[in-house]
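K.L.:
Residue numbering for the sequence shown follows the numbering used here, starting at 2 and increasing by one per position. For each residue, glycine too, the CB sits at the ideal point set by N, CA and C. Note that the structure is predicted; figures quoted are calculated from it, not measured. Sharing a structure with you now.
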Amino acid sequence: MKNNFFEIYSPEIKEFSKYSYILIPDSNIKNLNKVYSLIDINKYNIPILTKTEWCAAKLEKIPSEYLLKDEIEVSAILRSTKNRSFQLKRTFDIFISIFLLLSTFPIVILTIFLIFIEDGFPIFYIQKRHGIDNKIIKLPKFRSMLKTAEINGPTWAKKDDIRVTKIGKYIRLLRIDEIPQLLLVLKGEMSLVGPRPERPEIDEFLKEKIHLYDLRYKVLPGISGWAQVNYPYGSSTYDSKEKLSYDLFYIKNQSFLLDLLIILKTVRRVLTASGANPNTK
């Protein structure tokens, strides 16, 4: 059986027939033509990929650390933020948001009543989040935690978080807390699909820890996204780094069909009540 892949760093190695893939360090590798000249493509017919290309093709994500020197890939991601299908995406966002607001109206009324019965007012919790180009947006959610949950400042949610109310547990599990954000979609500050917006306080910390973290804010943030349907609820720097790799894949490959796939995957997650608990890594 062939090995999964072989990474080329030395032009002295000439035996490639046993490998399924040949990886080159990045798109800007020096003397790239010399590396290609070592390989008889007609003889071996082996795909030659950069690390980012292999991750995108096989893992459907692009780890930011592989973009450290790969200026061509970074440029490709930035170019893709100017998506030609924006108008179609915007029309779809408006149509689906109106449909969801109307169809979930009875659930909204019941949720308001149950939150009030258990923990009184306020019903909604307004968070400041970063939107496109790092502009501040005010993101509304149904309150699923106690009023005193963040008396000591913003913190990541944890598994079995004692701050979550009884009704809040089910609100989160079924993603009901996200329904009010449809108003931001209608307003044009969010999309149904895109990188999930984070709080400014947490973002400032993550920018220092994660390479190219700010690329995720080159497009409209979303209620759901490629990271949300492929990775559990994040609660650490490691999780944020992993989610960024999925966000970068989405930004580079965004399309109407990919958005539709993400929405279908999101619906499945809601119906199966999966992915709502923080990752325990």
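Closer than 7 Å by C-beta to Ala77: which residues in its own chain qualify, once you throw out the five before and the five after it? Chain order, please.
P.N.:
Cβ neighbours of Ala77 beyond the five flanking positions: Lys253.
K.L.:
With DSSP run on the structure shown, which of helix, strand or coil describes Gly169?
P.N.:
helix
K.L.:
Can you list, in chain order, the residues of its chain whose CB lies under 8 Å from that of Ile211, leaving out five sequence neighbours each side?
P.N.:
Ser65, Thr238, Ser241, Lys242, Leu245
K.L.:
Compare the beta carbon distance of Lys266 and Val230 with 7 Å and say whether it is the shorter of the two.
P.N.:
Taking 7 Å as the Cβ cut-off, Lys266 and Val230 qualify as a contacting pair.
K.L.:
According to DSSP, simplified to helix, strand and coil, what is Pro181?
P.N.:
helix
K.L.:
Mind checking who Leu141 pairs with in its DSSP beta bridge?
P.N.:
Looking at the sequence shown, residue 141 is not Leu but Pro. In DSSP, Pro141 forms a bridge with Ile127.
K.L.:
For Ala228 versus Tyr214, is the C-beta spacing smaller than 7 Å?
P.N.:
no
K.L.:
Less than 7 Å between C-beta atoms, sequence neighbours within five positions excluded: which residues of the same chain meet that for Ile263?
P.N.:
Counting only Cβ-Cβ distances below 7 Å, and skipping sequence neighbours, we find Val194, Ser225, Gly226, Trp227, Val230.
K.L.:
Report the rounded CA-to-CA distance for Phe206 versus Lys129, giving the unit in angstroms.
P.N.:
16 Å
K.L.:
Confirm, please, whether the CB-CB distance from Tyr67 to Thr82 is below 7 Å.
P.N.:
It is not a contact, given that the beta carbons lie outside the stated cut-off.
K.L.:
Taking Leu115 as part of the alpha helix (DSSP H), name the residues at either end of that continuous run.
P.N.:
106-120
K.L.:
Does the distance between the C-beta of Ile263 and the nearest non-hydrogen atom of the ligand HEM fall short of 6 Å?
P.N.:
Questions concerning the ligand HEM fall outside what the structure shown contains, since it holds no ligand whatsoever.
K.L.:
Run the CB neighbour count on Pro12, radius 10 Å, all protein chains shown included, and call it buried at 16 or more, exposed below.
P.N.:
Unreliable positioning characterises Pro12 in this predicted model, as indicated by a pLDDT of 41, which lies under 50. The coordinate reading is nonetheless provided below. By the neighbour-count rule (16 or more Cβ atoms within 10 Å), Pro12 is not buried but exposed.
K.L.:
If I follow the unbroken alpha helix (DSSP H) through Leu175, where does it start and stop?
P.N.:
That residue, Leu175, is in no alpha helix (DSSP H); it is neither H nor E in DSSP.
K.L.:
Could you spell out where the beta strand (DSSP E) holding Leu193 opens and where it closes?
P.N.:
Run containing Leu193: 192-194, per the beta strand (DSSP E) assignment.
K.L.:
Since Leu216 and Leu249 should fall inside the 8 Å C-beta cutoff, what is the C-beta to C-beta distance between them, to a whole number of angstroms?
P.N.:
Indeed they touch by this definition, with Cβ atoms about 6 Å apart.
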